[in-house]
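Counting in the numbering used here, the sequence shown runs from 1 upward without gaps.
Where is the CB? At the ideal position from N, CA and C, for every residue including glycine.
These numbers come from a predicted model, not from an experiment.
See structure below.
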Amino acid sequence: MKYQNILVTVDGSKVSEYAFHKAVEVAKRNGAILHIAHVIDIRTYASANPESGSIHEQAVTYTETFLKGYKAMAEAEGVKAEVIYESGSAKQLIPKTIAKRVNADLIVCGSTGYNMVERFVLGSVSEAIVRYALCDVLVIKTENMPNTFEKSDVTKTFTEHLINE
Numbered sequence: 001m002k003y004q005n006i007l008v009t010v011d012g013s014k015v016s017e018y019a020f021h022k023a024v025e026v027a028k029r030n031g032a033i034l035h036i037a038h039v040i041d042i043r044t045y046a047s048a049n050p051e052s053g054s055i056h057e058q059a060v061t062y063t064e065t066f067l068k069g070y071k072a073m074a075e076a077e078g079v080k081a082e083v084i085y086e087s088g089s090a091k092q093l094i095p096k097t098i099a100k101r102v103n104a105d106l107i108v109c110g111s112t113g114y115n116m117v118e119r120f121v122l123g124s125v126s127e128a129i130v131r132y133a134l135c136d137v138l139v140i141k142t143e144n145m146p147n148t149f150e151k152s153d154v155t156k157t158f159t160e161h162l163i164n165e
């Protein structure tokens, strides 16, 4: 069986970028379209003031730039790539909405982008994807990531914007 539509989730973490590179490899081997998705977490703006609309607009601008960088990296490897982003809950949107929209037959994600406290309180996005996805899921384990793996400039720039906002 060959995969035709692979959905990879990226969040700016080193683990998600490693998962992205794995997804590019799988897409290349299968001649699949790679759908690169990011969910802008609405919890970030839940306690913000009424001016948070402009903060969200900035997040959208950074996300668009971030995803264009990933798309360029995939296309440089000869993989057809598309980008998609939504605002909301990644745990709901990725497996239940985005995967269906792109007709994903495989979802690739990193094992975690959260720290230990966030995982305990919020649960893992990858766990939700495994639980709710209607297609195959490939979870890239942190333990398998080489110590020499470094974030690309695309991810570094995106995470710098998140920290500085």
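Residue state for tyrosine 18 is assigned as helix, using DSSP reduced to three classes.
If you look at serine 124, you'll find it isn't in any beta strand (DSSP E); DSSP assigns it neither H nor E. Counting only the Cα atoms, isoleucine 55 lies some 32 Å from lysine 22. C-alpha of valine 10 to C-alpha of threonine 61: approximately 16 Å in a straight line. In the DSSP assignment, glutamate 86 forms a beta bridge with Val39.
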